[in-house]
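Q: As given, the protein sequences belong to chains L and Z, one line each in that order.
First residue of the first sequence? That's -11 in my numbering, and the numbers climb one at a time after it.
First residue of the second sequence? That's 206 in my numbering, and the numbers climb one at a time after it.
Glycine is no exception: its CB is placed at the ideal position from the N, C-alpha and C atoms.
Note that the coordinates shown come from a computational prediction; the quantities given were computed from them, not determined experimentally.
Handing you a structure now.
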Amino acid sequence: MKKILTIICLIVWLTLSSISIIDGKKTNEISLKELQLMPQTELKTHRDKDGEIRDDIWIGASLKDILVEFQISDFDQLRFTSEDNYQVRLTKLEIEEYSPIIALNRNDEELNEENLRLVVPQIRDMFWIQGIVSVTTEQEDVMPAPYTLFVAEKIIENIEIVPDPEPFKNMEGFFFIDLISPKYPNLQDEFWLVSADGVSHKLDFEKYLRNAVLIVDERKYNLQSPDMPGGMWVKNLAYIQMSDRAIFFKDKLSNLHNMSRLLGWKALPAFFIDQDENKIDPKLDFNEPVWENVKKVTWQD
Amino acid sequence: MARLISLLLFGLFLFSCSQSQIAITGDIQENIAITETGNLAEIFESKNISAEYILVIATDGTAFFISEKSISELEIVKEKGKFQTETTTLPPVCNLNNITEICVYNSDFPMTNYETPFSKRISEFELLGENSREGHFVRKYKRDNK
C-alpha cells in the first residue's frame, strides 16, 4: 500500500513539475530535468520597468529545439498557459524570427519549476509568461474583417452602470455579458478583445469572460474578470469581435480607416451603410455629426 | 403507454414534415415552414422573414451557420422529394442534403436569461470547424448527442 501511494505521489509530482506539450490529440510532458539536458541558449535583455532599468541574462532551452524534439511543425501559433490561467500566443513566424527560450536560469540563479519563463527579448515582457504548465499548437483562427459593426456607446446607453459590480469594490461598471449578449447569437466561443493601444487577447467566453466586468474609469472601459489573472485584464477596451460581427468604442478610435489599420484588415470598402441605409465614408471621423445617431454599420463590397 | 403513442405520433409528424417542407424556427414570432425552392434570400423576403444569422440543419444533425450577407448565396433545391442547399460561392459545407430546419437569429428578439430561441437551439450543437471564403464566414456544426 505504501509503495502504491509513493508511486501515485511520484506520478503527481512529475505531472506537476513538467510542461505539457499538446499537439492536436497528442500530449507529451517535458520535465525540468529534460529541459536542463537540452542544449542551453543565452539571451540578454534590457528593460525599462517604470523608470527602473533591468538588464538580465537568461539561460534556457530553445523553443525551436523543443518543437524539433517532439516533431512538431504543423501549426500556425502556440498558446502558452500558466498555472494561474494566464495565456499568451506566439505565431510560427515570431518563433522562427525571435528564437525564444524557456528560461531555466536568470542572472546565474536557477529558476524553480513554478517560475520557468518564456523569454522573447523582441516583444514586451508582459508576454513573457511565467509558470508555464502547457504549450498547445493552434492553427490560425479565421477572423475575417467583420461584416457588421456595432457602436458600443449606443449599446451602453441601455445598460445600467452599477457601483461595485461583483466581485469588484470601490468602482463602478457593468457586466461584459450585458454588452455582448444583445448582439451575438452564441456566446460559447472565443472573443477577440483589442485595447486602444493595440494590445489584443483572444479569450474563451466561458473560461474568462462570463463573469467579466467593464469598469468605467474616466471615459475608459477597463475589462476585469475574477477568472483572469490581473496581467490579462484589458485596459481601455476599444474593440470586440467574434465571427464576422464586432462592437467598437467610437471614443477610443478616430475613424474606421484608422481602426482597420489597428486591426490589420487587408481591405476596406469604399463605404459602409448604417442602420438607416446612409452611406458612410470610412475616413469620416467619429466626431463628425453624421456619426451621432449611428448604431451599427455594415460592410458594403 | 399514452405518452409513448404521443411521442411516436409526434415523431411521425416530424418525419412527414421533413419530407415536404423546411421548418423555420428560432427568433421569429411563430414557427412557420417553407415549401418553395429558389434563392433563400428571395424566399425569406417573400415570407417577410428577417435573419441576421441562420443555422441550416439536416436530418442527420449536420448543420452550418452563416450570416445575413451569405443567405443570398444559397439556393434551395428539391430532389427526390428532399430539400438541399446548393451554392458555388460559399465553402462546400454549405451544400447540404436532407435539410429539414432553418433556425434564424435576430438581435432585436427579446432575450430571457441572456438567451433567445436561436441561442438555445445552437447550444444543442457542437462546433466542428470554421471556414472563410470570399469574405463569407461559415461554421460547421453537428448535433451534440452527449
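The alpha helix (DSSP H) that contains Tyr74(L), what's its start and end?
A: By 1-based counting over the first sequence, the position of residue 74(L) is 86. Segment: none, Tyr74(L) is in no alpha helix (DSSP H) and carries neither H nor E.
Q: Look up Asp239(L) in the DSSP assignment and say whether it is helix, strand or coil.
A: Translated into the one-based positions of the first sequence, residue 239(L) becomes position 251. Three-state DSSP puts Asp239(L) in a helix.
Q: Apart from the five residues just before and just after Asn311(Z), which ones in its own chain have a Cβ nearer than 7 Å to its Cβ?
A: Numbered from 1 along the second sequence, position 106 holds the residue referred to as residue 311(Z). Closer than 7 Å at Cβ, skipping near neighbours: Asp232, Ser255, Ala256, Glu257.
Q: With DSSP collapsed to three states, give me the class of Ser251(Z).
A: Here residue 251(Z) refers to the residue found at position 46 when the second sequence is read from its first residue. Note: Ser251(Z) maps to helix in three-state DSSP.
Q: Which residues in chain L have a C-beta closer than 9 Å to the C-beta of Lys274(Z)? List them in chain order.
A: The count along the second sequence starts at 1 and reaches residue 274(Z) at position 69. What Lys274(Z) touches in chain L: Tyr135, Thr136, Asp232, Thr286, Trp287, Asp289.
Q: Keeping to the same chain, check which residues put their C-beta closer than 8 Å to that of Lys171(L); ignore five residues upstream and five downstream.
A: The sequence position of residue 171(L) within the first sequence is 183, counting from 1. Excluding residues within five positions, the ones whose Cβ falls inside 8 Å are Phe138, Ile143, Arg233, Ile235.
Q: Looking only at C-alpha atoms, which of Ser324(Z), Arg338(Z), Ser225(Z), Pro315(Z) sits nearest to Val282(Z)?
A: The sequence position of residue 282(Z) within the second sequence is 77, counting from 1. Nearest of Ser324(Z), Arg338(Z), Ser225(Z), Pro315(Z) to Val282(Z), Cα basis: Ser225(Z).
Q: Enumerate in chain order the residues of its own chain whose CB-to-CB distance from Tyr209(L) is below 6 Å, with the five nearest sequence positions on each side excluded.
A: The residue labelled residue 209(L) in the question sits at position 221 within the first sequence. So the qualifying residues of the chain are Leu202, Leu225.
Q: According to DSSP, simplified to helix, strand and coil, what is Phe330(Z)?
A: The sequence position of residue 330(Z) within the second sequence is 125, counting from 1. Three-state DSSP puts Phe330(Z) in a strand.
Q: Could you pull the start and end residues of the alpha helix (DSSP H) that Arg249(L) belongs to?
A: Residue numbering aside, residue 249(L) sits at position 261 when the first sequence is read from its first letter. Per DSSP, Arg249(L) belongs to the alpha helix (DSSP H) from 244 to 251.
Q: Against chain L, does Ser277(Z) count as a neighbour if the rule is that its beta carbon must be under 8 Å from one of theirs?
A: Looking up residue 277(Z) in the second sequence gives position 72. With 8 Å as the cut-off, Ser277(Z) does not count as an interface residue toward chain L.
Q: Could you say if the region 55 to 65 of chain L and the region 91 to 103 of chain L meet the contact criterion of at least three C-beta pairs nearer than 8 Å?
A: Short answer: they don't touch.
Q: Inspect the beta-carbon positions of Phe237(L) and Ala133(L) and report whether they are closer than 8 Å.
A: Walking along the first sequence from the start, residue 237(L) turns up at place 249. Walking along the first sequence from the start, residue 133(L) turns up at place 145. The answer is no: Cβ separation not under 8 Å.
Q: Measuring only between beta-carbons, confirm whether Asn158(L) sits less than 8 Å from chain Z.
A: In the first sequence, residue 158(L) corresponds to position 170, counting from 1. Output row for Asn158(L): interface = no.
Q: Take the Cβ of Asn253(Z) as the centre, count every other Cβ of all protein chains shown within 10 Å, and call the residue buried at 16 or more, exposed below.
A: Within the second sequence, numbered from 1, the residue matching residue 253(Z) stands at position 48. Answer is exposed; the Cβ neighbour count stays below 16.
Q: Given that a residue counts as buried once 16 or more other Cβ atoms are within 10 Å of its Cβ, and exposed if not, what is Gln75(L)?
A: Sequence index remark: in the first sequence, residue 75(L) carries index 87 (1-based). With 16 or more Cβ atoms within 10 Å of its Cβ, Gln75(L) is classed as buried.
Q: Please name the residue or residues paired with Gln118(L) in a DSSP beta bridge.
A: Numbered from its first residue, the first sequence carries residue 118(L) at position 130. BP columns for Gln118(L) point to Arg105(L).
Q: Would you say Gln263(L) reaches chain Z, if we count a Cβ-Cβ gap shorter than 8 Å as a contact?
A: Stepping through the first sequence from its first residue, residue 263(L) is reached at position 275. Output row for Gln263(L): interface = no.
Q: Using a Cβ-Cβ distance under 8 Å, would Ser255(Z) count as near chain L?
A: On the second sequence, residue 255(Z) is found 50 positions in, with the first residue counted as 1. By this cut-off, Ser255(Z) is not an interface position.
Q: Only counting the same chain, and skipping five residues up and downstream in sequence, which positions put a Cβ closer than 6 Å to that of Gln28(L)?
A: Within the first sequence, residue 28(L) is the residue found at index 40, counting from 1. Contacts found: Ile47.
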